[in-house]
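Structure, as structure tokens:
Number of protein chains: 2
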Amino acid sequence: MGTRNEIAALPPEADLARADSLAREIFSDIANKWAFLIVEFLGQRTMRFGELRDHIGGISHKMLTQNLRMLEHNGLIERTVHPTIPPRVEYALTEAGVALRAVVDGMCGWTQKYLGHIEAARRRG
Amino acid sequence: MGTRNEIAALPPEADLARADSLAREIFSDIANKWAFLIVEFLGQRTMRFGELRDHIGGISHKMLTQNLRMLEHNGLIERTVHPTIPPRVEYALTEAGVALRAVVDGMCGWTQKYLGHIEAARRRG
DNA sequence: CGGTATCCACCATGATACTG
DNA sequence: CAGTATCATGGTGGATACCG
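Chains as they are written, first to last, in this note's numbering: chain Y, 1 to 125; chain R, 1001 to 1125.
Next comes the structure, spelled out in structure tokens:
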């Protein structure tokens, strides 16, 4: 996506949204704020469970676990357990995760770019 | 916020995630499946309420209304009422919405590209 | 430290009905 | 056709506690 031209010709991908149910299911799973934030932070570097929780902020232990499991199940992140005491568990993006990171970064960039626009819209309506 | 980033050259956008609460709030509002699907379909063309509902599929009247209001409130879509009988209401993307569409398209493309990868991951784990 | 399980409050959501 | 309101209800997600 990144530098692909505007809206010009944006074909097949478009109908993914209504396409087969598996694609739709995956799309719905991953298009949520926690998944995006996790991908964003793991995109910066590999992190441990606690680091991730602290960086994200405002996420409960349970939600983080749940989303990490979901992302792992879908092959976006890889979980490495170091059998030390205390345990050390590292999470890293897979290739698919890195690819998604580009999308999430696009969204981050979008948010920054249109922050003013949005504030203005809110004041109006 | 830190304008320096540890990784290659994925700039400031990265720390938006933890940046000011307004950006975070907007990010969290919009990073959800319904918002994405609405943006995706309105990106194809302007649509009426019912059309949108039918194209998206599986969304309740209430959820659609709610999300449309949220997107309008944030200045991503524009609502035009034609005072006919029966009423005709058209929804279209604003400039900000069109820009977000690029992101959503990226996500659609990603989903298609990694569908096989994901299926494989699911079978394994 | 990280994971799992349990409990429970609350809210998001769907269904339904009514209005303009 | 589109919007709003109301209601119930089940599921989401937070808090807590305990395990490895």
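We put the beta carbon where it would ideally sit given N, CA and C, even for glycine.
Item to check | DSSP three-state assignment for Y:I59, whether helix, strand or coil | outcome: Your numbering for residue 59 of chain Y matches position 59 in the first sequence. Y:I59 sits in coil when the DSSP states are folded into three classes, being neither helix nor strand.
Checklist entry - Hey, does R:S1028 have any beta-carbon neighbour from chain Y nearer than 8 angstroms? => result Walking along the second sequence from the start, residue 1028 of chain R turns up at place 28. Closer than 8 angstroms to some Cβ of chain Y, the Cβ of R:S1028 qualifies, so yes.
Checklist entry - In terms of residue numbering, what span does the beta strand (DSSP E) encompassing Y:R88 cover? => result Here residue 88 of chain Y corresponds to residue number 88 of the first sequence, with the count starting at 1. Where Y:R88 is concerned, the enclosing beta strand (DSSP E) starts and stops at 88 to 93.
Checklist entry - Do Y:V39 and R:W1110 have their CB atoms nearer than 8 angstroms? => result The residue you call residue 39 of chain Y lines up with position 39 of the first sequence. The residue you call residue 1110 of chain R lines up with position 110 of the second sequence. Contact: no.
Item to check | R:I1118 - DSSP class collapsed to helix/strand/coil | outcome: In the second sequence, the residue the question calls residue 1118 of chain R occupies position 118. The three-state secondary structure of R:I1118, taken from DSSP, is helix.
Checklist entry - Which residues mark the beginning and the end of the alpha helix (DSSP H) in which R:R1024 is found? => result For the purposes of this step, residue 1024 of chain R is taken as residue 24 along the second sequence, with counting starting at 1. Looking at the DSSP string, the run of the alpha helix (DSSP H) that includes R:R1024 is 1021 to 1030.
Checklist entry - How would you list, in chain order, the residues of chain R whose beta-carbon sits under 7 angstroms from the beta-carbon of Y:T111? => result In the first sequence, counting from the first residue as 1, residue 111 of chain Y sits at position 111. Residues of chain R passing the Cβ test: L1016, A1023, I1026, F1027.
Checklist entry - Relative to chain Y, which residues along the stretch 1048 to 1072 of chain R have a C-beta separation below 9 angstroms, given in chain order? => result Along the stretch 1048 to 1072 of chain R, the positions whose C-beta sits under 9 angstroms from a C-beta of chain Y are H1055, I1056, G1057, G1058, E1072, read in chain order.
Item to check | Sequence-distant residues of its chain with Cβ nearer than 8 angstroms to R:R1079 (five each side left out) | outcome: If you number the second sequence from 1, residue 1079 of chain R lands on position 79. Shown here for R:R1079: same chain residues with a beta carbon closer than 8 angstroms to its own, the five before and five after excluded, namely L1068, E1072, V1089, E1090, Y1091 in chain order.
Checklist entry - Under a CB-based cut-off of 8 angstroms, is R:G1125 close to chain Y? => result Translated into positions along the second sequence, residue 1125 of chain R becomes position 125. Using a Cβ-Cβ cut-off of 8 angstroms, R:G1125 counts as an interface residue toward chain Y, since at least one Cβ of chain Y sits closer than that to its own.
Checklist entry - Along chain R, in chain order, which residues have C-beta atoms closer than 9 angstroms to that of Y:A92? => result For the purposes of this step, residue 92 of chain Y is taken as the residue at position 92 of the first sequence. Per Cβ cutoff of 9 angstroms: no residues; Y:A92 is ~13 angstroms from chain R at best.
Checklist entry - The alpha helix (DSSP H) with Y:I38 in it runs from where to where? => result Mapped onto the first sequence, residue 38 of chain Y falls at position 38. For Y:I38, the uninterrupted alpha helix (DSSP H) run begins and ends at 33 to 44, by DSSP.
Next on the checklist: Tell me which residue opens and which closes the beta strand (DSSP E) that Y:I77 is part of.
Outcome noted: What you label residue 77 of chain Y is simply residue 77 of the first sequence in a count that begins at 1. In the DSSP assignment, Y:I77 falls within the unbroken beta strand (DSSP E) covering 77 to 82.
Checklist entry - Sorted by chain position, which residues of the same chain lie with C-beta nearer than 8 angstroms to Y:G43's C-beta, five sequence neighbours on each side aside? => result The residue you call residue 43 of chain Y lines up with position 43 of the first sequence. Close CB contacts of Y:G43 within its chain, under the 8 angstroms cut and outside five residues either way in sequence, are with L93, G97, V98, R101, V104, D105 (chain order).
Checklist entry - Closest to Y:L76 by CA distance: which of R:S1021, R:Y1114, R:P1083, R:I1030 is it? => result As a working mapping, residue 76 of chain Y is identified with position 76 in the first sequence. When only C-alpha atoms are compared, the closest one is R:Y1114.
Checklist entry - So is R:G1168 in contact with chain Y if we call contact Cβ pairs under 8 angstroms? => result No answer is possible for residue 1168 of chain R: it lies beyond the span of chain R, which begins at 1001 and ends at 1125.
Item to check | Three CB pairs or more closer than 8 angstroms across the stretch 23 to 31 of chain Y and the stretch 1020 to 1040 of chain R | outcome: Contact between the stretch 23 to 31 of chain Y and the stretch 1020 to 1040 of chain R is present, with at least three C-beta pairs closer than 8 angstroms.
Next on the checklist: Contact criterion: CB-CB distance below 8 angstroms. Does R:G1106 meet it with respect to chain Y?
Outcome noted: What you label residue 1106 of chain R is simply residue 106 of the second sequence in a count that begins at 1. Answer yes: the Cβ-Cβ gap between R:G1106 and chain Y drops below 8 angstroms somewhere.
Checklist entry - Within the 8 angstroms Cβ cut-off, does R:Y1114 reach chain Y? => result Position 114 of the second sequence, counting from 1, holds the residue named residue 1114 of chain R. Taking CB atoms only, R:Y1114 has a neighbour in chain Y less than 8 angstroms away.
Item to check | Cβ neighbours of Y:T46 in the same chain (closer than 6 angstroms, five flanking residues each side left out) | outcome: In the first sequence, counting from the first residue as 1, residue 46 of chain Y sits at position 46. Answer for Y:T46: E90, A92, listed in chain order.
Checklist entry - Considering only residues of the same chain and omitting the five flanking positions on each side of R:L1010, which have a CB-CB separation below 8 angstroms? => result Counted from its first residue, the second sequence places residue 1010 of chain R at position 10. With a pLDDT of 43 at R:L1010, under the threshold of 50, the modelled position of that residue is not reliable, and the figure given next carries that caveat. Taken in chain order, the list of residues that qualify is empty.
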